[in-house]
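Each position in the sequence shown, counted from 1, maps to that position plus 417 in my numbering.
No residue lacks a Cβ here, since even glycine has one placed at the ideal position from N, Cα and C.
Heads up, the thing below is written out as structure tokens.
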Amino acid sequence: MVHYQARLDATFAALSDVTRRGVLEQLGGSDASITDLAQRFHMTLTGMKKHVSVLEQAGLVITEKVGRVRTCKLGSRRLEEEAAWIEQHRQLWSARFDALDELVEQLKRKEKADAKRKRR
418 MVHYQARLDA TFAALSDVTR RGVLEQLGGS DASITDLAQR FHMTLTGMKK HVSVLEQAGL
478 VITEKVGRVR TCKLGSRRLE EEAAWIEQHR QLWSARFDAL DELVEQLKRK EKADAKRKRR
């Protein structure tokens with residue numbers, strides 16, 4: 418459970434940043450060097466290296482260094498655990514909102530019935 422939770426935390430932390438989500442979108446189209454990514458996102462190399470490192474630690478990106486160029490590509494993770502977690506919580510909140518809707522309807526019916534009794 419702890420490993421599972423740490424993995425979710427790392428993934429959601431990595432995805433919480435707009436630049437890192439943009440990097441993933443970019444890499445979805447084609448592999449890119451850190452230099453290319455830094456230029457596309459108007460960042461310093463150091464800044465982009467930090468973003469790529471966070472993505473790499475989450476398993477979302479892998480890098481390979483050939484000579485002086487570090488190339489980034491999407492990792493093999495498919496985010497199935499994260500999708501399952503989101504779906505579980507979506508169902509939970511959906512059920513809670515359905516229950517709240519039902520409560521609101523009951524209160525409206527009661528209010529309407531009380532109003533009719535007062536008119537008599």
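Presumed contact (8 Å Cβ cut-off) between residue i and residue j, rounded CB distance
{"i": "alanine 475", "j": "alanine 427", "result": "4 Å"}
{"i": "threonine 488", "j": "serine 450", "result": "5 Å"}
{"i": "leucine 412", "j": "lysine 490", "result": "Given a span of 418 to 537 for the chain in the structure shown, any question on residue 412 remains unanswerable."}
{"i": "leucine 477", "j": "alanine 431", "result": "6 Å"}
Residue j beta carbon less than 8 Å from that of residue i
{"i": "threonine 480", "j": "glutamate 473", "result": "yes"}
{"i": "glutamate 504", "j": "leucine 425", "result": "no"}
{"i": "histidine 459", "j": "arginine 437", "result": "no"}
Rounded separation between residue i and residue j - CA only
{"i": "leucine 441", "j": "valine 471", "result": "12 Å"}
{"i": "aspartate 518", "j": "lysine 533", "result": "23 Å"}
{"i": "glutamate 507", "j": "alanine 516", "result": "A quick correction: the sequence has arginine, not glutamate, at residue 507. Distance between the alpha carbons of arginine 507 and alanine 516 is about 14 Å."}
{"i": "leucine 454", "j": "methionine 465", "result": "7 Å"}
{"i": "arginine 495", "j": "tryptophan 502", "result": "13 Å"}
{"i": "aspartate 434", "j": "glutamine 456", "result": "18 Å"}
{"i": "leucine 520", "j": "lysine 527", "result": "11 Å"}
| message | What ranges does the beta strand (DSSP E) occupy inside the segment 426-484, keeping only unbroken runs of at least 3 residues that lie completely in it? | response | 478-483
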